[in-house]
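Step one of this worksheet: look at the structure below.
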DNA sequence: CGATAACTTGACTATCATCAATACCAGTGG
DNA sequence: CCACTGGTATTGATGATAGTCAAGTTATCG
């Protein structure tokens, strides 16, 4: 690890600062007392990664996997000519850097988008509730990644923004980080553009249109979705669910040509 | 499973038809004799899924994970209005439907793009070489998925096609399914469009331009890449490598704005 | 309160989508 | 052997979505 990590400050240790992460993990599958204690112990040993610093670096050996306790991080790839693409985001309660094979090499750079508080992910004994939680978390990660592909491939700018904000809203809800329909959104429009495969200018225009249409409020790092359900329906967003069957996205999947926005 | 699976026909069992899959698996990490035997046994019990039939269905319970022995399959999502997006492809030697958590529900529909020959993936004893191979395979899958996100988000039509064909070329090479720079490509331009987030018409135009530029030959289901390395370099494609460190995609990943094609 | 980053806006362009024919090609049945 | 058929590929004309360039206008934060 190269980042300038430093010990957590005393003022960060006040009660409940790691509650969102804990709550999120517990939402993936109920944790028993033993695992809860494991997590608490791990969280006591947290550390901070400053904004814009890497948490993992592509091609570099990976340390143990980590739990993000506070802040936002993202997997990013930068092309030789400077184009940048965020591939996925990590929110409080997400596990970063799980590997199952012998070679612990980071397959992507993970960047702290805000100041991040992290702790080592405690090892999960075979058959433990924590092991289930990790597995479910990984499945969710993949589901979001698949969703991102659909977003980039087949949604227009407007839909991408709506879909993205809905996803974030859902994920933050699991951690108890939403208030009403609103939540903290530390991303700049430029970062949003790099997640959605658009330019900052175009993102800006679409956001303003959404504002005019009354779908959205976005002021000083806080987003309010006016009618999440309606938006979700118009996009046909299917929310990943680990706890039951999903509504089918389309119909028979057997045929059907390509017909972009 | 709903597909009309039927027992493999005698004429499919001639020597070596499953060789590509075996070769691909072995390329991920050397298999010892015991695991090789497990695979051989599993492959003896293969079955066929006809073209356009589902191998897994979104939201439905999943059977054991399977190894694709012959043919192409893809994870697909279809939006309510008919837009279709292929999220990833399965080639011979790929494992379909691994799950690690208790709830075996398919997170996407997997469609047979050609007639597919499949077998059950033999269970991998803890610590076996096969377990490593499965894990590496999964890591590769994710790497390709990440690549797909970058492709859709930041590459233009021309680059997407080049990058896609390069990926397929690399993957088929591992299974020994390439001859010189050429390989079988059973996808129609329409399917390609649904993978790359484009329209069939535009894909067609870009392909023809690539042909005129001498980058490409594509005739009756067979593709020949003229100069894979040059193409790879101009796109800045980074090939996922499980066996060593990767060339860094860009520079410091610390800063840099968004600047699409 | 000045400086830097973030956001807005306008004018113009380009890439890609849409619509609509037409050409091609393999397999089918007469 | 050949017309017929359905899927696939190709082409042209036109339009819309999103990108580019460049100049402001706010915020935000030492």
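Protein chains in written order, with UniProt numbering: chain A, 1 to 261; chain B, 1 to 261. We put the beta carbon where it would ideally sit given N, CA and C, even for glycine. As the structure is a computational prediction, the values presented were derived from the model and not from experiment.
How long is the line joining the alpha carbons of residue i and residue j, rounded to whole angstroms?
i, j, result
"residue 217 (chain A)", "residue 144 (chain A)", "24 angstroms"
"residue 45 (chain B)", "residue 37 (chain B)", "13 angstroms"
"residue 55 (chain B)", "residue 47 (chain A)", "45 angstroms"
"residue 52 (chain B)", "residue 65 (chain B)", "20 angstroms"
"residue 85 (chain A)", "residue 209 (chain B)", "27 angstroms"
"residue 234 (chain A)", "residue 135 (chain B)", "38 angstroms"
"residue 203 (chain A)", "residue 147 (chain A)", "19 angstroms"
"residue 10 (chain A)", "residue 220 (chain A)", "Here residue 10 (chain A) scores only 42 on pLDDT, less than 50, and its place in the model is too uncertain to base an answer on."
"residue 79 (chain A)", "residue 184 (chain B)", "29 angstroms"
"residue 256 (chain A)", "residue 128 (chain B)", "Interpretation of residue 256 (chain A) is limited by its pLDDT of 43, a score under 50 that renders its predicted location unreliable; no figure is taken from the coordinates."
"residue 63 (chain A)", "residue 199 (chain B)", "43 angstroms"
"residue 125 (chain A)", "residue 141 (chain B)", "26 angstroms"
"residue 181 (chain B)", "residue 213 (chain B)", "17 angstroms"
"residue 229 (chain A)", "residue 81 (chain B)", "18 angstroms"
"residue 195 (chain B)", "residue 237 (chain B)", "17 angstroms"
"residue 69 (chain A)", "residue 96 (chain A)", "11 angstroms"
"residue 189 (chain A)", "residue 34 (chain B)", "54 angstroms"
"residue 32 (chain B)", "residue 100 (chain A)", "19 angstroms"
"residue 89 (chain A)", "residue 39 (chain A)", "22 angstroms"
"residue 168 (chain B)", "residue 179 (chain A)", "46 angstroms"
"residue 201 (chain A)", "residue 201 (chain B)", "28 angstroms"
"residue 191 (chain A)", "residue 193 (chain B)", "27 angstroms"
Listing by chain order, which chain B residues have their CB less than 9 angstroms from the CB of residue i?
i, result
"residue 27 (chain A)", "Per Cβ cutoff of 9 angstroms: no residues; residue 27 (chain A) is ~14 angstroms from chain B at best."
Excluding sequence positions up to five away, which residues of its chain have a Cβ less than 6 angstroms from the Cβ of residue i?
i, result
"residue 25 (chain B)", "93, 133"
"residue 76 (chain B)", "86, 109, 111"
"residue 12 (chain B)", "Note that residue 12 (chain B) has pLDDT 43, beneath the 50 cutoff, so the model's placement of it is unreliable and the number below is only indicative. Counting only Cβ-Cβ distances below 6 angstroms, and skipping sequence neighbours, we find nothing."
"residue 27 (chain A)", "174"
"residue 83 (chain B)", "none"
Can residue i and residue j be called in contact, C-beta distance under 8 angstroms?
i, j, result
"residue 67 (chain B)", "residue 116 (chain B)", "no"
"residue 111 (chain A)", "residue 73 (chain A)", "yes"
"residue 91 (chain B)", "residue 171 (chain B)", "yes"
"residue 42 (chain B)", "residue 121 (chain B)", "yes"
"residue 57 (chain A)", "residue 102 (chain A)", "no"
"residue 104 (chain B)", "residue 50 (chain B)", "no"
"residue 153 (chain B)", "residue 197 (chain A)", "yes"
"residue 187 (chain B)", "residue 20 (chain B)", "no"
"residue 149 (chain A)", "residue 150 (chain B)", "no"
So with CB distances below 7 angstroms, who are the chain A contacts of residue i?
i, result
"residue 132 (chain B)", "101, 102"
If I measure Cβ to Cβ from residue i and keep anything under 7 angstroms in the same chain, skipping five residues before and after, which residues do I get?
i, result
"residue 165 (chain A)", "223, 225"
"residue 138 (chain A)", "98"
"residue 206 (chain A)", "157, 158, 161"
"residue 3 (chain A)", "For residue 3 (chain A), the predicted structure reports a pLDDT of 38, less than 50, and the residue's modelled location is therefore unreliable. A value from the coordinates is still provided. Excluding positions up to five away in sequence, the list reads 49, 53, 54, 55."
"residue 59 (chain A)", "105, 106"
"residue 30 (chain B)", "129"
"residue 18 (chain B)", "43, 69"
Cβ closer than 9 angstroms: which chain A residues qualify as neighbours of residue i?
i, result
"residue 138 (chain B)", "100, 101"
"residue 135 (chain B)", "99, 100, 101, 102"
Anything in chain B within Cβ reach of residue i, meaning under 7 angstroms, just list it in chain order.
i, result
"residue 85 (chain A)", "149, 150, 153, 154"
"residue 197 (chain A)", "152, 153, 154"
Just the chain B side, please: which residues come within less than 8 angstroms of residue i by C-beta, in chain order?
i, result
"residue 142 (chain A)", "107, 142, 145"
For a contact meaning CB atoms closer than 8 angstroms, what does residue i contact in chain A?
i, result
"residue 75 (chain B)", "146"
Quick one: what's got a C-beta closer than 8 angstroms to residue i's C-beta in the same chain, skipping five residues either side?
i, result
"residue 215 (chain B)", "162, 225, 226, 227, 231"
"residue 131 (chain B)", "124, 125"
"residue 211 (chain B)", "217, 218"
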